Amino acid sequence: MRVLLVEDDKRTSDYISNGLASSGHVIDVLPDGRDALAAGLREPYDIAIVDRMIPGLDGLSLVRSLRAAGGKLPIILLTAMGGVDDRVEGLDAGADDYLAKPFAFSELLARLNALGRRPPIAQEKTVLRVADLELDLARRVAKRSGQVVELLPREFALLEFLMRNEGRVLTKTMLLERIWNFNFDPQSTVVETHVSRLRAKIDKPFETQLINTIRSTGYSLHAPR
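All you need for our numbering is the position in the sequence shown, starting with 1, plus 49.
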């Protein structure tokens, strides 16, 4: 794969780029967030590895800017800030994966290869529909009864997963592992918080409720029965 590595620490960038090169990948290294934004929108990279603390444009702002411009480049965010709230913030910004420093190169390579195996959106169904709810995956647009609903990246991913599994009961564990790449944490309220925000946008303004809570189990999105 052709990889964009955005890292201003030379020792770290050499460690990653040498390892990726020895694994057969082609790497471009940029130390500045603004230069990386231009390159990410201009060049046909397969994946980007972005450090959170970089000059010019920090990693979170870079990810948000790429997503706001319609960029679908898979992104792994690297950071020394490994708390749950930090990971949630990075994923909500639009990163596909999040790896805390220090890390084993083998884990980074495994995550990179896993993202690289994901089929492009063009090979999948690009518009999901449940009742009067529509999710355009290619344009990253959600509509309910013809009205555009503004969603944050993680809300969009959560809604997509619910719609792809229409009628199925999805547990909190399943959502944590699929949307946030977290192992089950009984103290975490990440799922409840995001489902509540999603409901406020796609259910509350409309007459019909689509997202249903299954007591002591999880959530299910389906048309009225």
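Note that CB positions come from ideal geometry on N, CA and C, so glycine has one too.
These numbers come from a predicted model, not from an experiment.
On the DSSP bridge assignment, give the partners of residue i in chain order.
i: Leu126; result: Val99 and Tyr147
i: Lys192; result: Glu183 and Val197
i: Leu219; result: Tyr268
i: Thr262; result: Tyr268
i: Arg178; result: Glu183
i: Ile76; result: Val52
CB residue i to CB residue j, shorter than 9 Å?
i: Thr128; j: Leu106; result: no
i: Ala142; j: Val112; result: yes
i: Ile263; j: Leu211; result: no
i: Gly82; j: Gly108; result: yes
i: Leu126; j: Asp146; result: yes
i: Val133; j: Val239; result: yes
i: Ile124; j: Ala153; result: no
i: Val197; j: Ala187; result: no
With distances taken from CA atoms, which of the options is nearest residue i?
i: Ile65; options: Ala142, Ser155, Arg203 and Leu224; result: Ser155
i: Lys121; options: Lys150, Pro202, Arg83 and Thr238; result: Pro202
i: Asn214; options: Ala187, Arg178 and Leu247; result: Arg178
i: Gly23; options: Tyr94, Ser269, Glu92 and Ser245; result: For the chain, the structure presents residues 50 to 274; residue 23 sits outside this window and is missing.
i: Ala206; options: Leu69, Arg60, Val137 and Arg160; result: Val137
i: Ile103; options: Ile76, His271 and Ala85; result: Ala85
i: Tyr285; options: Leu140, Ser265, Arg248 and Leu164; result: Because the chain here runs from 50 to 274, residue 285 falls outside it and cannot be looked at.
i: Glu92; options: Thr175, Asp58 and Val52; result: Val52
i: Leu54; options: Leu161, Ala117, Met130 and Val133; result: Leu161
i: Ser194; options: Lys253, Lys221, Arg166 and Val78; result: Lys253
i: Ala70; options: Leu79, Thr220 and Leu158; result: Leu158
How would you write the range of the alpha helix (DSSP H) that residue i sits in, first residue to last?
i: Asp135; result: Val133 to Ala142
i: Leu106; result: Element bounds for Leu106: n/a, residue is neither H nor E.
i: Ala163; result: Phe154 to Gly165
i: Glu204; result: Pro202 to Arg213
i: Tyr94; result: Where Tyr94 is concerned, there is no enclosing alpha helix (DSSP H), given that its DSSP letter is neither H nor E.
i: Lys59; result: Lys59 to Ser71
i: Glu241; result: Val239 to Ile251
Between which two residues does the beta strand (DSSP E) containing residue i stretch?
i: Tyr268; result: Gly267 to Leu270
i: Val55; result: Arg51 to Val55
i: Asp84; result: Taken as a continuous stretch (DSSP letters only), Asp84 belongs to no beta strand (DSSP E), being part of the alpha helix (DSSP H) at Gly82 to Arg91.
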